[in-house]
Amino acid sequence: MPSAPTVVTLDIGGTTIKGALVAADGREVALLERPTGATEGTDEVVRRVRAAARDLADASTVAAGLSVPGIVDTAAGIARHAVNLGFRDTPLAALVAEEIGVPVVLEQDCRAAAVAESQIGLGRDARDLMVVVLGTGVAAGLIVDGKPLPGADGSAGELGHLPVYPDGEYCACGQRGCLEVYASASGIARRYAAAGGRAGATAADVAGALDSDVVAARVWREATEALGLALATATLLLDPALIVLAGGLTGAGDALLRPVRTQLQAALAWRAAPSVANSPLGGSAGRLGAAILAWRAAGYSDVVPGALRDAV
Numbered sequence: 001m002p003s004a005p006t007v008v009t010l011d012i013g014g015t016t017i018k019g020a021l022v023a024a025d026g027r028e029v030a031l032l033e034r035p036t037g038a039t040e041g042t043d044e045v046v047r048r049v050r051a052a053a054r055d056l057a058d059a060s061t062v063a064a065g066l067s068v069p070g071i072v073d074t075a076a077g078i079a080r081h082a083v084n085l086g087f088r089d090t091p092l093a094a095l096v097a098e099e100i101g102v103p104v105v106l107e108q109d110c111r112a113a114a115v116a117e118s119q120i121g122l123g124r125d126a127r128d129l130m131v132v133v134l135g136t137g138v139a140a141g142l143i144v145d146g147k148p149l150p151g152a153d154g155s156a157g158e159l160g161h162l163p164v165y166p167d168g169e170y171c172a173c174g175q176r177g178c179l180e181v182y183a184s185a186s187g188i189a190r191r192y193a194a195a196g197g198r199a200g201a202t203a204a205d206v207a208g209a210l211d212s213d214v215v216a217a218r219v220w221r222e223a224t225e226a227l228g229l230a231l232a233t234a235t236l237l238l239d240p241a242l243i244v245l246a247g248g249l250t251g252a253g254d255a256l257l258r259p260v261r262t263q264l265q266a267a268l269a270w271r272a273a274p275s276v277a278n279s280p281l282g283g284s285a286g287r288l289g290a291a292i293l294a295w296r297a298a299g300y301s302d303v304v305p306g307a308l309r310d311a312v
């Protein structure tokens, strides 16, 4: 065993691979960011992931953790399905292990983020929590009794496709009224433009115009109402102690939190709502979660979360 072990962690997104080499004291001693190459096909994505892991690993690397979107079979290390990356039953963990010669653990990105929140973020004292990532889409990572919940086929946490309005707008998935239609960054921007808002405006632009633009205010209100309703359904099913919001929309701060909390409590007639807060880990949650899982695979489960917490 190397005297100063490290792990490699990679967060593989639709456009960017973000990685780090993490020391046992929690320091990210090397960072990497490069294009995923998804438009060039699945083989090219795999080649770039393998190359990123190889470029980060050093002689002391004892394990690696990979965070990827889509449906993931964590136990088998297989990326079952990821539309943006082209993964279809891709044995990504084995392919990276072959490249760098150490154990590799693969996890779905929202579950990896939930692991990070439960170990070093706001959920340290919660055995049951939900991390909702609000980005181009909407998805959730679930921690139940201290453990990530993958579901029967690895697709637990598809909160974005919970129908909040059964007769609502069509979603790209084929359903109607999905949360993602109303409360994702892409959905907010699309609905704002369709309602006559400024062309080319992003969800962040909409959030920044709430006091001066009645269209922006209406679209944002509808987004936060939809999110509050979806969280109420999730609360009644899962009874989380804490709901953590992550992703780009959390940059709106209290403009997001206040109405979501209000709608969530209003939708729960007979019980108190769980706490809802914005993540302090930002866009690094998936990468940090993958690092924690890599350390666990290497036998450092009792030491590393505390060290990483101090480093955040």
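Note that UniProt numbering gives residue 268 to position 268 of the sequence shown, counting from 1, and the numbers run on in steps of one.
Glycine included, C-beta positions come from ideal geometry on N, C-alpha and C.
Quick caveat, the model's predicted, so the values are computed rather than measured.
Sorting His81, Ala51, Cys178 by C-alpha distance to the C-alpha of Lys18 places Ala51 at the top. By the Cβ-count criterion, Arg54 is exposed, with fewer than 16 other Cβ atoms from all chains shown falling within 10 Å of its own Cβ. For the 7 Å CB-CB criterion, Ala189 and Ile143 do not form a contact. Distances from the alpha-carbon of Tyr182 to those of Leu229, Leu66, Ala234 put Leu229 closest. As the crow flies, the alpha-carbon of Leu268 is around 19 Å from that of Val131. At a Cβ-Cβ threshold of 7 Å, Ala116 and Ala285 count as neighbours.
Taken through DSSP and simplified to helix, strand or coil, Cys171 comes out as coil. In the DSSP secondary-structure assignment, Cys178 is bridged to Pro163. Out of Ala216, Gly157, Val105, Gly248, the CA that lies nearest to the CA of Gly197 is found in Ala216. Judged by DSSP in its simplified three-state form, Ser301 adopts coil rather than helix or strand.
Distance from Gly135 to Ala204 at the Cβ level is roughly 12 Å; contact not present, criterion being Cβ atoms closer than 8 Å.
Nearest neighbour of Val276 by Cα position, chosen from Asp43, Val133, Val68, turns out to be Val133.
By the Cβ-count criterion, Thr224 is buried, with 16 or more other Cβ atoms from all chains shown falling within 10 Å of its own Cβ. C-alpha of Arg124 to C-alpha of Val104: approximately 25 Å in a straight line.
Counting along the chain, Arg218 sits inside the alpha helix (DSSP H) bounded by residues 214–238. Under the criterion of beta carbons closer than 8 Å, Leu92 and Leu122 do not qualify as touching, at roughly 29 Å.
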